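S.K.:
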Amino acid sequence: MPYDGSLFFIKNGLIDFDANELCLYEDVWYYVSLGQVQLQYTGLAMHDGAWFYITDGILDTTVNGLIPYDGERFLFAAGRLVSEHNGLWLNAASIGGDRKWYFLAEGRVCSVSQVVMYDGAWFVVKNGIFDSSYNGTIEYDGATFKVVNGQLYG
Numbered sequence: 033m034p035y036d037g038s039l040f041f042i043k044n045g046l047i048d049f050d051a052n053e054l055c056l057y058e059d060v061w062y063y064v065s066l067g068q069v070q071l072q073y074t075g076l077a078m079h080d081g082a083w084f085y086i087t088d089g090i091l092d093t094t095v096n097g098l099i100p101y102d103g104e105r106f107l108f109a110a111g112r113l114v115s116e117h118n119g120l121w122l123n124a125a126s127i128g129g130d131r132k133w134y135f136l137a138e139g140r141v142c143s144v145s146q147v148v149m150y151d152g153a154w155f156v157v158k159n160g161i162f163d164s165s166y167n168g169t170i171e172y173d174g175a176t177f178k179v180v181n182g183q184l185y186g
């Protein structure tokens, strides 16, 4: 509801100053803080246990792929943080054609260098990205493995 040049969330005929969340109004999700719609806010907001991407105070369902936020990168789909994803993920939707496999934990790119399992096989990850250029051997779990194009054999 507009008032004094701003928009406010109304509940039972009064401004709901306790509203600090995403609020649905006429099929649009608005980010509300202290009862006021925050049209200048761009960032993340928690709603019903999940994180969502907000652009100019409104849930932005066009946000997809790896999105930088607070010095890290997170996986989003239709504006929601895909926190349930763990493991390797192919970044096919990002701007600029960055078709790399990233190692994610709870939807966040982890800048680790280690061996990880994906689809029943083991792969080398360097700084959070699958290293398909690695060839040679690697010590893992007390054994030596041959590595071809970043995949462990033997």
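In this note's numbering, the protein residues as written are 33 to 186. Even for Gly, the Cβ is constructed at its ideal location relative to N, Cα and C. In this text, all values refer to a predicted model and were calculated from it rather than measured experimentally.
1) Between which two residues does the beta strand (DSSP E) holding tyrosine 134 run?
2) What is the DSSP secondary structure of histidine 117, counted as helix, strand or coil?
3) Quick one: grab the DSSP three-state call for leucine 66.
4) In angstroms, rounded to a whole number, what distance separates the CA positions of leucine 122 and threonine 94?
5) Quick one: grab the DSSP three-state call for glutamate 58.
6) For tyrosine 185, name the three-state secondary structure that DSSP assigns.
7) Going by DSSP in three states, tyrosine 150 sits in which element: helix, strand or coil?
8) What are the boundary residues of the beta strand (DSSP E) that alanine 124 is part of?
9) Classify arginine 140 as buried or exposed, calling it buried when 16 or more other Cβ atoms lie within 10 Å of its own Cβ.
10) Using a threshold of 8 angstroms, state whether the C-beta atoms of leucine 136 and asparagine 118 are closer than that.
11) If we call anything under 8 angstroms between Cβ atoms a contact, is phenylalanine 84 one with leucine 120?
12) Counting C-beta neighbours from all protein chains within 10 Å, is the total for glutamine 72 16 or more, i.e. buried, or is it exposed?
13) At the level of alpha carbons, what is the spacing between valine 157 and tyrosine 62?
14) How about arginine 105 and leucine 98: do their beta carbons lie closer than 8 angstroms?
M.R.: The relevant details are as follows:
1) As a working mapping, residue 134 is identified with position 102 in the sequence shown. Unbroken beta strand (DSSP E) run through tyrosine 134: 133 to 137.
2) Along the sequence shown, read from residue 1 onward, the residue named residue 117 stands at position 85. Reduced to three states, the DSSP call for histidine 117 is coil.
3) Indexing the sequence shown from 1 puts residue 66 at position 34. Reduced to three states, the DSSP call for leucine 66 is coil.
4) Within the sequence shown, residue 122 is the residue found at index 90, counting from 1. Within the sequence shown, residue 94 is the residue found at index 62, counting from 1. Their Cα atoms are separated by approximately 19 angstroms.
5) Taking the first residue of the sequence shown as 1, we reach residue 58 at position 26. Secondary structure of glutamate 58 (DSSP, three-state): coil.
6) Locating residue 185 in the sequence shown gives position 153, counting from the first residue. Looking at tyrosine 185 - three-state DSSP - the assignment turns out to be strand.
7) The residue given as residue 150 occupies position 118 in the sequence shown. Three-state DSSP puts tyrosine 150 in a strand.
8) As a first step, residue 124 must be located in the sequence shown, where it is residue number 92. It is not in any beta strand (DSSP E) - alanine 124 carries neither H nor E in the DSSP assignment.
9) Start at 1 with the first residue of the sequence shown, and residue 140 comes out as number 108. The residue in question, arginine 140, is buried, as its Cβ has 16 or more Cβ neighbours within 10 Å.
10) Indexing the sequence shown from 1 puts residue 136 at position 104. Indexing the sequence shown from 1 puts residue 118 at position 86. Going by beta carbons, leucine 136 and asparagine 118 fall inside the 8 angstroms limit.
11) Position 52 of the sequence shown, counted from the first residue, corresponds to residue 84. Position 88 of the sequence shown, counted from the first residue, corresponds to residue 120. Their beta carbons are not under 8 angstroms apart, which means phenylalanine 84 does not touch leucine 120 by this criterion.
12) On the sequence shown, residue 72 is found 40 positions in, with the first residue counted as 1. Its Cβ having fewer than 16 others within 10 Å, glutamine 72 is exposed.
13) Your numbering for residue 157 matches position 125 in the sequence shown. Your numbering for residue 62 matches position 30 in the sequence shown. Taking the straight line from one Cα to the other gives about 39 angstroms.
14) In the sequence shown, counting from the first residue as 1, residue 105 sits at position 73. In the sequence shown, counting from the first residue as 1, residue 98 sits at position 66. Yes, the pair counts as a contact, with Cβ atoms nearer than the cut-off.
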